[in-house]
Structure formats: structure tokens, C-alpha cells
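*Asks:* Counting along the sequence shown from 1, when you hit position 12 you're at 162 in the numbering used here, and nothing is skipped either side. Glycine included, C-beta positions come from ideal geometry on N, C-alpha and C. Can you keep this structure in mind? I'll have questions shortly.
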Amino acid sequence: MDQAELCHESLEHLWCMSERAQGDIGPRATVADYVATALLRPRTEAPPASGCPSPE
């Protein structure tokens with residue numbers, strides 16, 4: 151994943167998390183969640199169709 155794609159993905163993740171929380175969740179929480187849920191996900195798993203992971 152190149153830098154531009156990583157930036158785009160993390161901003162999209164921030165937007166999705168903030169929408170679910172109904173407020174700004176901030177960059178630290180976004181990065182921690184993105185690393186745990188997206189970057190560490192096994193490559194065999196497909197990303198969610200909506201672009202936003204469902205709350206667990």
C-alpha cells in the first residue's frame with residue numbers, strides 16, 4: 151500500500167468511525183482502530199462492501 155492510499159484509507163476510516171459515534175473521534179483513536187481492524191486483518195478477508203466496517 152502506498153502513502154497516498156494509506157492516507158485515503160485512514161481518512162475514510164476516521165469518517166466512518168465518527169459517523170458511528172455521531173461526533174469526531176480524533177486521529178489517535180482512528181489510527182489505533184485502523185491498525186487493529188484493517189491493517190492486521192488477514193489478507194484473505196475481503197473488506198466490507200460499504201467501505202465502513204460494521205460495529206462489533
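#1: If you run the structure through DSSP and keep just helix, strand and coil, what is M167?
#2: Of all the options A154, D152, L164, E155, which has the alpha carbon lying nearest to the alpha carbon of A182?
#3: How many Å lie between V185 and A179 at the Cα?
#4: For C157, count neighbouring Cβ atoms within 10 angstroms of its own Cβ and tell me buried if that reaches 16, exposed if not.
*Replies:* Taking the definition as stated:
#1: Helix, per DSSP.
#2: Minimum Cα distance to A182 is reached at L164.
#3: Going from the Cα of V185 to the Cα of A179 covers about 10 Å.
#4: With fewer than 16 other Cβ atoms within 10 Å, it is exposed.
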